[in-house]
Amino acid sequence: MNAIVISAIWGVVMMFSGIFSKNNTVIRGTALTGLALLILVNILEMNGVLLFKVNLHGMLYFDSFNLLFNTIAFGSTFLYAILSGRDMEKVGRSVSDYFALIFFILCGVAISSSFNTLLMLFLGIEIMSIPLYILTGTDKRNLKSNEASLKYFLMGSFSTGLMLMGITLIYGAKGSFNLETISLGTGALTPMVSAGLLLLLFSMSFKVSAAPFHFWTPDVYDGAPTVFTSFMATIIKSAAFIAFLRLFDDAFGEMHPHWQLVVSIVTAATLLIGNITAVFQQSVKRMLAYSSIAQAGFMMFALVALNNLGRQGLIFYTAAYSVATIGVFAVLIKMKDYTFEGFNGLAKRQPVLAATTAIFLLSLAGIPGTAGFMAKFYMLAAAVSNGHVMWLVIVGVLCAAISVYYYFRVIQAMYFKEGDAQEMEVSSIFKALLVIMAAIVVLLGLFPQWLLDKLNYFF
Amino acid sequence: MIPVLLIVIPLLSGLAAFFLKGEKGVKTWALLSTVITLAVSLLGLTVLNKAANLHTEVEWLPLLGSKFSVGLDGMGQVLCLLTAVAFPMIFVATWNSSYKNAHNFYAFMLLSQAGLMGVFLAYDALLFYFFWELALIPAYFLCSQWGGEKRIAVTFKFFIYTFIGSLLMLVGIIYLYLHTPDQSFALESFYKAVLTSKEQGWIFWLFFIAFAIKMPVFPFHTWQPDTYEQSPTAVTMVLSGVMVKMGLFGVLRWLAPVLPMATWLNGDTVALLCVIGMIYASLIAMQQDDLKRLIAYSSIAHMGLMCMAIFVTSDQGLQGVMIQMFNHGINIIGMWIVVELIERQMHTRKISELGGLAQKAPGLAIMLVVVALANVALPLTNAFIGEFLLFSGVFNSTVSKVGYVFAAAGGVTIILSAVYTLNMIQRVFFGNTNTLTGAMRDIKFNERFVLGVLVIVILVIGVYPRPFLELTQGSVDTILSRMIIKHPS
Numbered sequence: 135m136n137a138i139v140i141s142a143i144w145g146v147v148m149m150f151s152g153i154f155s156k157n158n159t160v161i162r163g164t165a166l167t168g169l170a171l172l173i174l175v176n177i178l179e180m181n182g183v184l185l186f187k188v189n190l191h192g193m194l195y196f197d198s199f200n201l202l203f204n205t206i207a208f209g210s211t212f213l214y215a216i217l218s219g220r221d222m223e224k225v226g227r228s229v230s231d232y233f234a235l236i237f238f239i240l241c242g243v244a245i246s247s248s249f250n251t252l253l254m255l256f257l258g259i260e261i262m263s264i265p266l267y268i269l270t271g272t273d274k275r276n277l278k279s280n281e282a283s284l285k286y287f288l289m290g291s292f293s294t295g296l297m298l299m300g301i302t303l304i305y306g307a308k309g310s311f312n313l314e315t316i317s318l319g320t321g322a323l324t325p326m327v328s329a330g331l332l333l334l335l336f337s338m339s340f341k342v343s344a345a346p347f348h349f350w351t352p353d354v355y356d357g358a359p360t361v362f363t364s365f366m367a368t369i370i371k372s373a374a375f376i377a378f379l380r381l382f383d384d385a386f387g388e389m390h391p392h393w394q395l396v397v398s399i400v401t402a403a404t405l406l407i408g409n410i411t412a413v414f415q416q417s418v419k420r421m422l423a424y425s426s427i428a429q430a431g432f433m434m435f436a437l438v439a440l441n442n443l444g445r446q447g448l449i450f451y452t453a454a455y456s457v458a459t460i461g462v463f464a465v466l467i468k469m470k471d472y473t474f475e476g477f478n479g480l481a482k483r484q485p486v487l488a489a490t491t492a493i494f495l496l497s498l499a500g501i502p503g504t505a506g507f508m509a510k511f512y513m514l515a516a517a518v519s520n521g522h523v524m525w526l527v528i529v530g531v532l533c534a535a536i537s538v539y540y541y542f543r544v545i546q547a548m549y550f551k552e553g554d555a556q557e558m559e560v561s562s563i564f565k566a567l568l569v570i571m572a573a574i575v576v577l578l579g580l581f582p583q584w585l586l587d588k589l590n591y592f593f
Numbered sequence: 245m246i247p248v249l250l251i252v253i254p255l256l257s258g259l260a261a262f263f264l265k266g267e268k269g270v271k272t273w274a275l276l277s278t279v280i281t282l283a284v285s286l287l288g289l290t291v292l293n294k295a296a297n298l299h300t301e302v303e304w305l306p307l308l309g310s311k312f313s314v315g316l317d318g319m320g321q322v323l324c325l326l327t328a329v330a331f332p333m334i335f336v337a338t339w340n341s342s343y344k345n346a347h348n349f350y351a352f353m354l355l356s357q358a359g360l361m362g363v364f365l366a367y368d369a370l371l372f373y374f375f376w377e378l379a380l381i382p383a384y385f386l387c388s389q390w391g392g393e394k395r396i397a398v399t400f401k402f403f404i405y406t407f408i409g410s411l412l413m414l415v416g417i418i419y420l421y422l423h424t425p426d427q428s429f430a431l432e433s434f435y436k437a438v439l440t441s442k443e444q445g446w447i448f449w450l451f452f453i454a455f456a457i458k459m460p461v462f463p464f465h466t467w468q469p470d471t472y473e474q475s476p477t478a479v480t481m482v483l484s485g486v487m488v489k490m491g492l493f494g495v496l497r498w499l500a501p502v503l504p505m506a507t508w509l510n511g512d513t514v515a516l517l518c519v520i521g522m523i524y525a526s527l528i529a530m531q532q533d534d535l536k537r538l539i540a541y542s543s544i545a546h547m548g549l550m551c552m553a554i555f556v557t558s559d560q561g562l563q564g565v566m567i568q569m570f571n572h573g574i575n576i577i578g579m580w581i582v583v584e585l586i587e588r589q590m591h592t593r594k595i596s597e598l599g600g601l602a603q604k605a606p607g608l609a610i611m612l613v614v615v616a617l618a619n620v621a622l623p624l625t626n627a628f629i630g631e632f633l634l635f636s637g638v639f640n641s642t643v644s645k646v647g648y649v650f651a652a653a654g655g656v657t658i659i660l661s662a663v664y665t666l667n668m669i670q671r672v673f674f675g676n677t678n679t680l681t682g683a684m685r686d687i688k689f690n691e692r693f694v695l696g697v698l699v700i701v702i703l704v705i706g707v708y709p710r711p712f713l714e715l716t717q718g719s720v721d722t723i724l725s726r727m728i729i730k731h732p733s
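See the structure below:
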């Protein structure tokens with residue numbers, strides 16, 4: 135609860151900070167303070183200290199699962215803001231507004247990870263999405279950015295429509311928005327419930343860009359200013375996944391056998407389409423867009439398996455994936471040329487950047503010794519222990535092998551190919567931060583214990 | 245303590261090497277590190293050969309039931325010794341080669357040594373998987389950065405091949421882990437996993453494909469000749485001398501004893517693949533004009549024989565595999581050193597362009613002939629002991645009804661191997677010199693030293709293999725007892 139209130143307030147603070155100060159450093163400082171505050175109050179809440187006591191009427195529900203996720207999401211945003219915050223200034227003049235929008239999105243993130251009724255789910259997703267439509271279109275003079283924004287908005291509204299329709303049907307069948315009430319006595323599938331369930335499944339698949347509802351993703355990610363793509367591909371995507379998992383776990387968990395096959399097929403399609411299309415991309419940014427679809431496929435395993443391993447694994451996955459992707463994007467933003475050739479010979483000019491990027495990419499590919507491996511391990515373990523979806527596990531494994539192809543293309547370009555000198559402004563603080571993030575990735579990979587301990591403590 | 249040192253010394257010295265400056269200094273550093281590792285390995289075999297020194301177990305991921313559990317048994321001793329011997333040999337033999345960004349090169353070499361040691365030492369499946377990949381990643385960077393012209397594409401193929409195998413194995417590991425009584429990755433717990441024969445059947449293939457790609461067994465071998473050809477020779481030595489043994493080792497430690505039923509049932513299928521691979525590779529080797537490709541294909545044939553012997557198990561066959569894993573490593577490293585020496589001076593590996601080297605470099609010729617004859621398994625050389633045991637094991641197999649057929653078909657490859665090896669010696673070393681080979685000088689002291697040591701090892705094991713056989717007898721008994729208990733009949 136702390137986080138929802140504070141992020142909303144801080145969003146307003148950020149809006150006004152633009153009036154009182156024209157100095158971007160001050161604005162960025164304010165935003166970072168706000169984010170630090172969010173992390174702090176969230177950790178406090180995890181330990182039982184509440185700043186606000188509000189009667190929630192059972193609309194929201196806080197447990198260690200979503201509090202831990204929120205902490206990770208805010209932590210990732212914090213990392214993102216210090217790494218790429220300076221690059222927001224290059225997008226346009228209204229930096230304070232961008233940060234305000236980000237805080238509103240975080241409010242939506244906190245709601246959509248802790249909803250207890252379908253109504254709050256809807257609100258959370260919308261609070262998260264609408265500022266995002268604006269952020270996508272912030273590069274006003276760029277036609278691609280405008281197009282992306284419009285596309286995102288239309289697609290997003292369409293999926294929202296589907297979601298509302300689904301919610302309506304579920305409400306009609308069960309007479310309640312409350313997840314617990316919905317899950318009561320749902321062993322049998324009535325046509326209305328199954329239609330509602332499918333519509334909700336489709337709309338959530340839109341939000342997490344699972345195939346075949348992924349078509350907006352590459353264009354939007356590509357068109358949006360790269361700073362915001364980084365944010366969308368990591369924190370937003372993770373939040374949507376948590377919402378997805380919570381919805382299907384809490385409300386439809388009992389009916390799992392009925393929808394497992396559908397979700398498995400969606401997962402397999404996501405894995406295959408994401409990975410295979412990513413292979414053919416010429417721009418690293420688009421490759422990352424498709425790879426985010428591919429990674430979404432792996433996260434779907436949590437939903438397919440729907441067991442404790444999957445739930446824990448999803449949190450771990452979001453952490454591992456967010457840190458690595460934010461890191462790669464932070465480097466990408468500094469590049470003038472987004473093609474694979476643009477990375478040629480980076481290792482010679484910027485050894486630190488190249489080395490850390492390589493670690494992030496290894497993590498995304500799931501190589502042991504990095505956080506990405508432990509994340510993938512959890513997802514595979516969850517699916518294997520479920521027992522019914524071995525075919526999907528094999529598909530996942532083969533897709534992971536395909537993913538090596540496009541992630542390693544960047545490594546190859548950086549290390550083994552000669553390139554022209556490209557001037558880059560990189561501060562030593564930026565490098566130090568990247569090194570710290572790479573260290574986090576490796577430490578999480580070698581000693582996942584401390585994050586797992588947290589998870590296990592709560593489960 | 246010994247196992248931890250074997251991993252930690254190359255790991256830390258490798259990480260440190262990234263930050264060292266000056267080629268000479270890094271070379272010395274790397275050599276020193278590997279010599280210390282060798283010393284530790286020898287101490288573990290002799291003076292400190294006590295149970296307390298040879299096993300270490302520390303908590304690692306208690307929540308997952310995975311421990312940092314490393315230990316040395318007879319089989320581990322042999323392979324760790326091979327790893328420990330191979331690296332200083334390689335560094336000395338290639339002392340005169342110079343590499344761009346030498347500090348990175350030696351750092352990756354040391355890291356891959358750490359990975360290899362870890363693979364041979366791990367008694368925990370997750371740890372095993374960790375090291376399995378840790379050995380692969382440096383190899384990827386080594387081949388891609390310092391290899392031949394087509395290195396990037398070729399290494400990529402190699403990497404993706406092995407990565408697919410690894411991931412399939414990971415699925416198998418997870419499945420077994422979930423079926424252990426105490427939810428643990430320990431080897432002992434894997435033994436106790438309760439599985440139906442159907443489950444064993446398909447997990448067998450998940451593991452086997454991973455190991456088969458590494459060995460490589462037909463039809464998973466296609467990455468191998470290209471990679472051997474394109475890699476810098478020092479790396480080829482690591483790949484063919486030590487890294488391919490990971491596959492055999494994996495079968496011996498993690499496949500055959502863990503899934504005995506499936507191993508029995510699929511034995512003939514695998515043996516058939518091996519025989520096909522052996523004959524096919526030998527025939528192709530005969531056609532090669534490139535020295536590296538010739539040795540690469542001959543290696544497929546030799547590895548196929550060892551793999552076959554495991555799957556039509558018998559006491560002798562397994563003993564043969566144990567000793568032959570070491571012998572093959574020594575012999576093939578010797579062959580590569582000779583190729584490296586020729587290529588460095590002549591700038592070609594084409595057999596058709598060479599000739600008459602023996603006149604100009606008699607020292608090299610003598611060494612090569614011994615190594616090559618060992619490769620053909622002539623009596624008095626080490627490989628004779630190994631191959632004799634292998635063949636007699638396969639021939640007397642009680643598991644396979646057609647063991648004698650496999651042995652006979654395998655025997656053909658011995659003849660073929662003699663044909664292409666002797667043909668190669670004749671065309672490269674004898675005959676008349678041409679304008680190119682006229683400029684050949686004889687080998688230098690360090691090269692002479694390394695080859696000399698190899699020749700001594702070859703002859704000593706060839707004449708007196710007993711200590712080796714005694715060392716590995718325990719491991720063979722363990723594996724066999726694990727397998728016989730579960731014999732289906």
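Taken in order, these protein sequences are the chains called A and B. Sequential numbering from 135 applies to the first sequence in this note's numbering. Sequential numbering from 245 applies to the second sequence in this note's numbering. Backbone N, C-alpha and C fix where the C-beta goes; we use that ideal spot for every residue, glycine too.
Mind checking residue i: buried by the 16 CB within 10 Å criterion, or exposed?
| i | result |
| --- | --- |
| GLU631 (chain B) | buried |
| TRP446 (chain B) | exposed |
| ALA322 (chain A) | exposed |
| ASP186 (chain B) | As displayed, chain B neither begins before 245 nor continues past 733, which places residue 186 (chain B) out of reach and without an answer. |
| GLN531 (chain B) | exposed |
On the DSSP bridge assignment, give the partners of residue i in chain order.
| i | result |
| --- | --- |
| VAL314 (chain B) | B:THR300 and B:ALA366 |
| THR251 (chain A) | A:ASN312 |
| LYS594 (chain B) | B:ASP534 |
Checking contacts by CB at 8 angstroms: is residue i closer than that to chain B?
| i | result |
| --- | --- |
| LEU217 (chain A) | no |
| VAL576 (chain A) | no |
| PHE542 (chain A) | yes |
| LEU405 (chain A) | no |
| ILE449 (chain A) | no |
| ALA535 (chain A) | yes |
| ALA573 (chain A) | no |
| PHE593 (chain A) | Low per-residue confidence applies at PHE593 (chain A): pLDDT is 49, beneath 50, and the placement is therefore not dependable, though the value from the model is reported in the following sentence. No, PHE593 (chain A) does not count as interfacial toward chain B. |
| PHE428 (chain A) | Checking the sequence, you will find Ala at residue 428 (chain A) rather than Phe. So no, ALA428 (chain A) is outside the interface. |
What residue range is occupied by the uninterrupted alpha helix (DSSP H) comprising residue i?
| i | result |
| --- | --- |
| SER519 (chain A) | 505 to 520 |
| ILE239 (chain A) | 229 to 248 |
| ALA390 (chain A) | For the record, residue 390 (chain A) in the displayed sequence is His; it is not Ala. HIS390 (chain A) -> alpha helix (DSSP H) spans 390 to 413. |
| GLN474 (chain B) | 467 to 474 |
Checking contacts by CB at 8 angstroms: is residue i closer than that to chain A?
| i | result |
| --- | --- |
| SER388 (chain B) | yes |
| ILE595 (chain B) | no |
| LEU256 (chain B) | no |
| LEU483 (chain B) | no |
| LEU422 (chain B) | yes |
| PRO732 (chain B) | At PRO732 (chain B), the pLDDT of 42 sits below 50, so the modelled position is not reliable; the number obtained from the coordinates is stated separately. Answer no: the Cβ-Cβ gap between PRO732 (chain B) and chain A never drops below 8 angstroms. |
| LEU305 (chain B) | yes |
Practice task
Count the C-beta pairs between the segment 189 to 202 of chain A and the segment 235 to 252 of chain A that are closer than 8 angstroms, then say yes if the count reaches three, no if not.
Solution key: Touching, yes, given that three or more Cβ pairs across the two stretches are closer than 8 angstroms.
Practice task
Examine the Cβ distances between the segment 220 to 235 of chain A and the segment 157 to 170 of chain A and report whether three or more of them are shorter than 8 angstroms.
Solution key: Two segments are said to touch when three or more pairs of C-beta atoms, one from each, lie closer than 8 angstroms; by this definition the segment 220 to 235 of chain A touches the segment 157 to 170 of chain A.
Problem - Three-pair Cβ contact test at 8 angstroms for the segment 405 to 420 of chain B versus the segment 504 to 523 of chain B - result: Segments in contact, no.
Handout entry: Contact between the segment 397 to 406 of chain A and the segment 519 to 535 of chain A (3+ Cβ pairs under 8 angstroms)
Key = They touch, by the three-pair rule.
Exercise for the section: Please determine if the segment 599 to 617 of chain B and the segment 537 to 555 of chain B are in contact, where contact requires at least 3 C-beta pairs separated by less than 8 angstroms. Expected result: No: fewer than three Cβ pairs fall under 8 angstroms.
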